[in-house]
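Take a look at the structure set out below.
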Amino acid sequence: MKQNQFLSVKTAEEAQAIFHEAVRPQPLGTQEVPLAEALGRVLADNVISRIDVPFFDRSNVDGYAVRAEDTFGAEETEPVTLQVTDEMIHTSVVPKIEVRSGMATPIATGGVIPRGADAVVMVEHTIPRNGSIEVLRSVPPGNAISFAGTDVAAGETVLHRRTVLTSRETGVLAAIGYDHVPVFRRPRVAILSTGDEIIPPGAAMAMGKIYDSNATIIADAVREIGCEPVRLGIVPDDEAQIRSTLEAAVADCDFVLLSGGTSKG
């Protein structure tokens, strides 16, 4: 004899169809957040670099800034001698002395390439002499130089709208000087547990009671996907109280997740 007191079980496809029929996506709105708080957020707009990266022509090695043509023909058996200028280009130093023919300026990794130079000779490929160096290898123009804008050019779109920000993207944002980021507001997800038998973790256990583990699982799952969980606690099996709580949740949150009931109950 068929029993009608139980509900029929929906397939996963049927449940998804019901969900998509009932849910109408609404715009969340946007906000700006500090870069330090942007991890896991979703970009609300394309990000365009305002600067070149590198911002200037920089040396990739410790060595000497030179004119490449001055090194042509240099070999270990027949080195080329260049006079060393009085300037040492450390990082953050703006060069003042132009590198002229027959000259070389000491430069550190990351240093600004001085005027007149178009290549860098690695320090390992030189021998220091009194006020000069012997260059043991010739170098082509552009050797050991990162030119301005080779990583990112000013005006280039570096990140696109709807990108989820991981450590890679936040690093890019820092590299192009962004300290605030336009993101979509986090969806607020209300979480409500119902049942006379439900008690919160930490309460004294009693016969017929169970701890509310679902709310913790759901809240953490919601947080893992980038949403903001709003835990509304436990509501007893009272229709009026459940209704009023749900109405308040719908008014305040973007989504409501209800945990409670077994089978037809």
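For any residue, its number in this note's numbering is found by taking its place in the sequence shown, counting from 1, and adding 781. Glycine is no exception: its CB is placed at the ideal position from the N, C-alpha and C atoms. Bear in mind that the values here come from a model prediction, so they are computed numbers and not experimental data.
Contact between D843 and V904 holds, since their C-beta atoms are separated by about 5 Å, short of 8 Å.
For S789, no alpha helix (DSSP H) encloses it, and the DSSP letter there is neither H nor E. Looking at the backbone, the Cα of K877 and that of P895 are separated by about 7 Å.
Where G1014 is concerned, the enclosing beta strand (DSSP E) starts and stops at E1009 to V1016. Under DSSP, S1040 forms a beta bridge with S974. The beta carbon of V865 sits closer than 7 Å to those of A885, P887, G912, S913 and I914, all from its chain and outside the five residues before and after it, given in chain order.
Per DSSP, the unbroken beta strand (DSSP E) holding E813 starts and ends at T811 to P815. Under the Cβ criterion (8 Å, minimum of three pairs), the segment 984-995 does not count as touching the segment 933-952. Boundaries for V916: no alpha helix (DSSP H) harbours it, while the beta strand (DSSP E) harbouring it runs S913 to V916, taken from the DSSP string. Straight across, the Cα-Cα distance linking R822 with F965 is about 7 Å. In the structure shown, Q1022 falls within a helical segment according to DSSP collapsed to helix, strand and coil. With a contact defined as Cβ atoms closer than 8 Å, V893 and R839 qualify at about 6 Å.
Relative to the Cα of P963, the nearest Cα in the group V804, A849, D826 and I799 belongs to D826. If you draw a straight line from the Cα of S873 to the Cα of R943, it is about 36 Å long. Taken through DSSP and simplified to helix, strand or coil, I878 comes out as coil.
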